[in-house]
Every structure is written in C-alpha cells, then in structure tokens.
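Colleague:
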Amino acid sequence: MNLGELYVALYACAEDRVAFFVMTTRTGKRMGIDTGWRPVELRGERYDYAVSRFSFY
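Residue numbering for the sequence shown is 369 to 425, as defined by this note's numbering.
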C-alpha cells in the first residue's frame, strides 16, 4: 500500500497466525538506502487487527 511518501506492507501467514508489518519511504526506495524501518512481528490480537484493517491482504 502506498500512502504518499510512506509504503506499508503486511506479510502474513494465516496458518501460523503470524504477520510482519514493514514500512519504508519512497525517497529511501528511490535512493536504495535502508531507511531504518524494521519488521514488527504481530501475533494473537495484533495479528487479527492488522489482517482485518489492511484490505490489500
């Protein structure tokens, strides 16, 4: 999902009920640099919330 300057991705495995949420910036992608965002692991209620809120999943 592209939110202007911010790119948001959710990588999820329904079988294991675990997801990883990642953010980066368009400028960082264009320059090919690490913008410092690290994947955030989501399990349990946080997994359910993230999967229900992101329509692109």
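Where a beta carbon is used, it is the ideal one built from N, C-alpha and C, also for glycine.
Helix, strand or coil for Arg-385? Go by DSSP, reduced to three states.
Modeller: Your numbering for residue 385 matches position 17 in the sequence shown. In this structure, Arg-385 counts as coil in the three-state DSSP scheme.
Colleague: From Arg-394 to Tyr-379, what does the alpha carbon distance come to, in whole angstroms?
Modeller: For the purposes of this step, residue 394 is taken as residue 26 along the sequence shown, with counting starting at 1. For the purposes of this step, residue 379 is taken as residue 11 along the sequence shown, with counting starting at 1. Their backbone Cα atoms lie some 19 Å apart in a straight line.
Colleague: Which residue's Cα is closest to the Cα of Tyr-417: Ala-382, Met-391, Arg-406 and Met-399?
Modeller: Your numbering for residue 417 matches position 49 in the sequence shown. The candidate whose alpha carbon is nearest that of Tyr-417 is Ala-382.
Colleague: Please tell me whether Glu-413 and Phe-388 are closer than 8 Å, where the distance is taken between their beta carbons.
Modeller: Counted from its first residue, the sequence shown places residue 413 at position 45. Counted from its first residue, the sequence shown places residue 388 at position 20. No, Cβ-Cβ distance for Glu-413 and Phe-388 is not below 8 Å.
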